[in-house]
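Residue numbers (this note's numbering): 35 to 191. A virtual CB, placed ideally from N, CA and C, is assigned to each residue, including glycine. This structure is a prediction, so every number in the text was calculated from the model and none was measured. Working notes, beginning with the structure itself.
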Amino acid sequence: MSNAKFLDDLEEGKYGEYLFQRYLQKKGLDVKSAPEEEFPYYDIVSILYGKKHTYEVKTDRQIHKTGNLYIEFLNINRMALSGIFTSTADFYVYIDRESLIAYVFNRGYLLRFVFEGRYTTLKSKVDNENAMGWIVPIKEVLDKRPHLKTIDLNGIE
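Here it is, written out as structure tokens:
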């Protein structure tokens, strides 16, 4: 993957995080980005009445085309668990970049759901094909326990 493509993907991810932070702020939560480190274990933290919640935000340009979520679980170069296995986030948020619809999932329930579901795995097409992930049809998880909320982020900016 070219360096330019990586930077484009990074910008897309930051934009999704920004939109979700703005959404949470408009709901009255105190919101902060994750600490700066190479591989943070979540992207956003929110606090309401002293209760802290953490979020991993994924901005995906393909959900509207494929109807699938890509849920990373392995760093191929390191042969180590990554993504949903190593995240400490309470919630996983997938944002469809085309429609600006966000799908919020309980991370623990989502992990159990995909792990038990025996979904197809695929190398990521970004980040030098360094990640392995599950391909999960979004329709199969929307009416299940991991899915908490669907949010329209249009007009949030």
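Q) How long is the line joining the alpha carbons of Q96 and K60, rounded to whole angstroms? A) Near 27 Å, if we compare the C-alpha coordinates of K60 and Q96.
Q: Return the CA-CA distance between K39 and V170, expressed in angstroms with no decimal places.
A: Below a pLDDT of 50, predicted positions are generally treated as unreliable, and K39, at 46, falls in that range; no measurement from the model is reported.
Q: Tell me whether the beta-carbon of F125 lies closer than 8 Å to the beta-carbon of F139.
A: Yes, they are a contact pair.
Q: Note the first and the last residue of the continuous alpha helix (DSSP H) segment covering F149.
A: R141 to G151
Q: Kindly list the residues whose CB is nearer than 6 Å to the CB of Y68, restricted to its own chain and excluding five residues on each side of it in sequence; keep chain order.
A: Strictly speaking, residue 68 in this sequence is Ala, with Tyr absent from that position. Excluding positions up to five away in sequence, the list reads P74, Y76 and D77.
Q | Continuous beta strand (DSSP E) stretch holding V65: start and end | A | D64 to S67
Q. Got a sec? Which residues, its chain only, sit under 7 Å from N109 by beta carbon, not counting five neighbours each side?
A. S116, N164 and A165
**Q.** Among V91, D64 and L134, the one whose alpha carbon lies nearest that of S80
**A.** D64
Q.
Going by the DSSP bridge assignment, what does A123 pair with across the sheet?
A. Listed as beta-bridge partners of A123 by DSSP are no residues whatsoever.
Q. S121: which of R131, L134, E106 and Y52 sits nearest, CA to CA?
A. E106
Q: Can you grab the Cα-Cα spacing for the pair V175 / K157, in whole Å?
A: 21 Å
Q. From which residue to which residue does the beta strand (DSSP E) around I185 run?
A. H181 to D186
(Q) Going by beta-carbon coordinates alone, are L82 and G101 separated by less than 8 Å? (A) no
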